[in-house]
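So this is what it looks like as structure tokens:
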């Protein structure tokens with residue numbers, strides 16, 4: 002039986018990388034996309050170290066022309082796309098009305114929202130063929146208003162809930178299922194984009210990338226008749 006193929010954006014670090022390793026343990030062939038080949042190859046080696054199969058397709062998700070080309074590369078090499086994990090994300094330290102720039106706002110929304118739509122749109126015919134599953138890695142800020150998350154980030158992540166709902170409502174007839182995954186604070190390099198970067202003690206109380214990776218694997222492993230519309234994952238110790 003041909004292994005199912007999972008395409009992960011933002012696969013070079015953090016939650017995307019952890020999801021790749023967890024999915025590989027469950028038998029998925031993992032295709033990693035992101036902008037930095039060195040980081041992607043490092044994660045691919047981690048996947049292979051647990052006995053998995055990994056491939057790398059470079060992609061800037063905000064490049065509209067590059068997304069269909071990356072999709073074609075995945076299909077050309079593997080012939081199918083059974084799952085998507087959309088983990089690419091961006092924020093800016095200058096995120097308040099009194100210090101943000103419109104350039105940063107556009108960059109955050111392009112990465113967190115528009116790129117998700119672009120990748121799903123590109124992969125949708127293959128997902129229909131497979132009755133595939135989509136995991137949109139959102140944020141606690143996409144589920145509950147978080148004052149510190151910022152104007153653009155809060156808007157971009159909140160929008161993902163509606164994107165997932167429309168996908169589920171319109172594509173159920175093809176067996177396509179999507180999950181709006183909303184983790185709380187996760188100890189990744191993404192925290193370096195905060196105005197005040199958390200220290201090691203604060204990070205130790207947070208969710209860890211592997212916690213999210215195992216959760217993604219759980220969603221991916223659900224039976225075809227089961228859809229997990231939204232899932233919120235929180236650290237016990239809240240800020």
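Residue numbers (this note's numbering): 2 to 240.
We put the CB at the ideal spot given by N, CA and C, even for glycine.
Fair warning: this is a prediction, and the values are worked out from it, not measured in the lab.
Residue i, DSSP secondary structure in three states
i, result
"residue 237", "coil"
"residue 210", "helix"
"residue 196", "coil"
"residue 228", "coil"
"residue 2", "In this prediction, residue 2 scores a pLDDT of 43, lower than 50, which makes its location untrustworthy; the coordinate-derived value is nonetheless stated afterwards. Residue 2 falls in the coil class under three-state DSSP."
"residue 184", "strand"
"residue 167", "helix"
"residue 189", "coil"
"residue 222", "coil"
Nearest-angstrom Cα separation, counted from residue j out to residue i
i, j, result
"residue 236", "residue 185", "7 Å"
"residue 164", "residue 118", "8 Å"
"residue 232", "residue 138", "10 Å"
"residue 154", "residue 91", "8 Å"
"residue 35", "residue 121", "16 Å"
"residue 151", "residue 113", "13 Å"
"residue 54", "residue 100", "44 Å"
"residue 87", "residue 135", "8 Å"
is_contact[residue i, chain C] using C-beta, thresh 8 Å
i, result
"residue 29", "Absent here is chain C; the protein component of the structure consists of one chain."
Other residues of its chain near residue i: CB distance less than 6 Å, five sequence neighbours each side excluded
i, result
"residue 7", "24, 29, 31, 84"
"residue 215", "23"
"residue 203", "none"
"residue 1", "This structure cannot settle anything about residue 1, because the visible part of the chain is limited to 2 through 240."
"residue 199", "192"
Which residues DSSP lists as bridging residue i, in chain order
i, result
"residue 178", "134"
"residue 8", "32, 85"
Cβ shell of residue i (< 7 Å), same chain only, five flanking positions each side left out
i, result
"residue 225", "132, 176"
"residue 222", "27"
Which complete alpha helix (DSSP H) runs does the segment 29 to 83 hold, if anything under 4 residues is left out? 38 to 50, 67 to 79
Those runs of the beta strand (DSSP E) which lie wholly inside the segment 89 to 142 and span at least 3 residues: 134 to 138
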